[in-house]
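K.L.:
Mapping of the sequence shown onto the numbering used here: position 302 corresponds to residue 313, and the numbering continues sequentially without gaps. From the three backbone atoms N, C-alpha and C, an ideal C-beta is built for every residue, glycine too. Got a structure for you, written out below as structure tokens; questions coming shortly.
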Amino acid sequence: MMNKPNSALNHNGHHRYIVRPNSFALFLPEIKEFVISKDFQQLKELLKGIHSMDLAEGWTRLEPQDRIIVFRLLSAKKAVEVFEDLRFPEQSHLLNNLDNQEVASVVNEMASDDRAQLFKDLKPKVVKKLFAVMKKEEAEDVRNLLTFKEDMAGSIMTTEFVELKKTMTARQALVHLQETYKAGQVPNLYSVYVTDESHKLIGGLSLQMLIAAPSDILVKDIMSDVDTVKIDCHMLKEDAAAKFSKYDLLDAPVVDDENRLLGIITIDDVVDLIHKEAAKELYEIGKMHAKGGEEIRYATATVGELVRRRAGWLVVLLAFDFLTGTVL
């Protein structure tokens, strides 16, 4: 069924219906117009129709002061989505310009792996500030993830998961999932995992299998062994990615040395990892230098610099993006 076009009020107070394309550039003049005229209600309506990824990709086209205005007009859910997709310099700019309550509302709701990565890049002074405004359990989660070295699988896992018990019926397991997860909170839930009283991993099953199972069947009778696909938290990230490729995994449980379930790595995490590693290697191969011999770092270079210096490599990366997007 076709999505209903987005609605916004025109200058005469009447509703206008527009099918929103996925290009931030098309909205930029209108966004700037509403900011200048301080027509924040119209701007808020306009922002509802722009995908969070498009907003993140076009973020630097906005003036720094306008970014704060736009960010504050986003819904709580979209604000988190946009923030997670921004580059670190833009994330840092927001953290330095939002008040403590606004910062807390974003950081507390971030995916645990994205949040941990952010904290690794921040200065200790900013980290201390964030810990002071975060929920206690979220702050503890970050501290635990930060104990893993950058090259370890544990550094990219998400700690947002639900443990099932083998004595649950399929119906009880589904109710448990519904009670634990808010709507839209876990967009990449493919499998669920079963643990014993000591939180040690003993099995798993796909969400599809759980939904299709008879309501009175016990979880222990439909779960599968996951010893082959489980990932040690200290395993190298590249080795974890290789396991995903070998077994065609959509997600995998992460355990500690005592086989206790610590988290989950999803295919999205692996694709992000592959993309980042491929980007680094390609830019190292085609290392960029500005006039006078000054090296241009890929992580901080502007889009214009990248295009001028290495347009050929950008074509390769765009092709890679297309292929990974097609797989997903």
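Going by DSSP, what residue range makes up the alpha helix (DSSP H) through Ser235?
P.N.:
Position 224 of the sequence shown holds residue 235. Here Ser235 belongs to no alpha helix (DSSP H), and DSSP marks it neither H nor E.
K.L.:
How is the beta strand (DSSP E) around Val205 delimited, first residue to last?
P.N.:
Stepping through the sequence shown from its first residue, residue 205 is reached at position 194. Start and end: 202 to 206.
K.L.:
For Met145, which residues in the same chain have their Cβ closer than 8 Å to its Cβ, ignoring the five residues on either side in sequence?
P.N.:
As a first step, residue 145 is located in the sequence shown; it is residue number 134 there, counting from the start. Closer than 8 Å at Cβ, skipping near neighbours: Ala115, Val118, Asn119, Val153.
K.L.:
What would DSSP say about Thr178, mapped onto helix, strand or coil?
P.N.:
On the sequence shown, residue 178 is found 167 positions in, with the first residue counted as 1. Three-state DSSP puts Thr178 in coil, outside helix and strand.
K.L.:
With burial defined as no fewer than 16 other Cβ atoms inside 10 Å of the residue's Cβ, what is the status of Ser18: buried or exposed?
P.N.:
Residue numbering aside, residue 18 sits at position 7 when the sequence shown is read from its first letter. In this prediction, Ser18 scores a pLDDT of 42, lower than 50, which makes its location untrustworthy; the coordinate-derived value is nonetheless stated afterwards. Exposed.
K.L.:
At the level of alpha carbons, what is the spacing between Phe142 and Leu109?
P.N.:
Walking along the sequence shown from the start, residue 142 turns up at place 131. Walking along the sequence shown from the start, residue 109 turns up at place 98. Going by the C-alpha atoms only, they are around 15 Å apart.
K.L.:
Rounded to whole angstroms, what is the Cα-Cα separation between Tyr201 and Lys49?
P.N.:
Within the sequence shown, numbered from 1, the residue matching residue 201 stands at position 190. Within the sequence shown, numbered from 1, the residue matching residue 49 stands at position 38. Spanning the two alpha carbons is a distance of roughly 44 Å.
K.L.:
Using 10 angstroms around the beta-carbon of Ala127, count the other beta-carbons present and answer buried if the total reaches 16, otherwise exposed.
P.N.:
Sequence index remark: in the sequence shown, residue 127 carries index 116 (1-based). By the 10 Å Cβ count, Ala127 comes out buried.
K.L.:
Consult DSSP for Asp277 and reduce its assignment to one of helix, strand or coil.
P.N.:
One-based indexing of the sequence shown puts residue 277 at position 266. The displayed chain sequence assigns Thr, not Asp, to residue 277. Note: Thr277 maps to strand in three-state DSSP.
K.L.:
Sort Glu74, Glu68, Asp280 by Cα distance to Phe99 and report the nearest one.
P.N.:
Translated into the one-based positions of the sequence shown, residue 99 becomes position 88. Taking only the C-alpha atoms, the option nearest Phe99 is Glu68.
K.L.:
If I'm right that Val237 touches Phe255 with Cβ under 8 Å, what's the distance once you round it to whole angstroms?
P.N.:
Position 226 of the sequence shown, counting from 1, holds the residue named residue 237. Position 244 of the sequence shown, counting from 1, holds the residue named residue 255. Not quite, the Cβ-Cβ distance comes to about 14 Å (not below 8 Å), so this is no contact.
K.L.:
Whole alpha helix (DSSP H) runs in the region 217 to 253 with 4 or more residues, listed along the chain?
P.N.:
Within the region 217 to 253, the complete alpha helix (DSSP H) runs of at least 4 residues are 218 to 223.
K.L.:
Counting C-beta neighbours from all protein chains within 10 Å, is the total for Tyr204 16 or more, i.e. buried, or is it exposed?
P.N.:
Counted from its first residue, the sequence shown places residue 204 at position 193. It counts as buried.
K.L.:
Is the shortest distance between the beta-carbon of Leu57 and the beta-carbons of chain B less than 9 Å?
P.N.:
Structure shown: chain B not included; a single protein chain is present.
K.L.:
By the DSSP assignment, the alpha helix (DSSP H) with Asp132 in it spans what residues?
P.N.:
Translated into the one-based positions of the sequence shown, residue 132 becomes position 121. Counting along the chain, the alpha helix (DSSP H) containing Asp132 begins and ends at 123 to 132.
K.L.:
Between the beta-carbon of Asp207 and the beta-carbon of Lys176, is there less than 9 Å?
P.N.:
Translated into the one-based positions of the sequence shown, residue 207 becomes position 196. Translated into the one-based positions of the sequence shown, residue 176 becomes position 165. Yes, these two residues count as a Cβ contact at 9 Å.
K.L.:
To which residues of the same chain is Ala150 closer than 6 Å at the C-beta, ignoring the five residues directly before and after it?
P.N.:
On the sequence shown, position 139 is the one that residue 150 refers to. Only Phe142 meet the Cβ criterion.
K.L.:
So Ala87 is in the alpha helix (DSSP H); what residue range does that whole segment cover?
P.N.:
Your numbering for residue 87 matches position 76 in the sequence shown. 87 to 96 is the extent of the alpha helix (DSSP H) around Ala87.
K.L.:
Should the region 153 to 163 be called in touch with the region 174 to 189, which here means at least 3 C-beta pairs below 8 Å?
P.N.:
Too few Cβ pairs lie closer than 8 Å, so no.
K.L.:
State the Cα-Cα distance for the pair Ser226 and Val173, rounded to the nearest angstrom.
P.N.:
Here residue 226 refers to the residue found at position 215 when the sequence shown is read from its first residue. Here residue 173 refers to the residue found at position 162 when the sequence shown is read from its first residue. Approximately 19 Å between the Cα atoms of the pair.
K.L.:
Cα separation between Val240 and Arg78?
P.N.:
Start at 1 with the first residue of the sequence shown, and residue 240 comes out as number 229. Start at 1 with the first residue of the sequence shown, and residue 78 comes out as number 67. In a straight line, the C-alpha of Val240 is about 43 Å away from that of Arg78.
K.L.:
Please state the DSSP three-state secondary structure of Leu284.
P.N.:
Counting from 1 along the sequence shown, the entry for residue 284 is found at position 273. Helix.
K.L.:
What's the gap between the Cα of Leu212 and the Cα of Glu41?
P.N.:
Position 201 of the sequence shown, counted from the start, is the residue given in the question as residue 212. Position 30 of the sequence shown, counted from the start, is the residue given in the question as residue 41. If you take the alpha carbons of Leu212 and Glu41, they lie about 53 Å apart.
K.L.:
Can you list, in chain order, the residues of its chain whose CB lies under 6 Å from that of Ala263, leaving out five sequence neighbours each side?
P.N.:
As a working mapping, residue 263 is identified with position 252 in the sequence shown. Excluding sequence neighbours, Ala263 sits near Val240, Ile242, Ile276.
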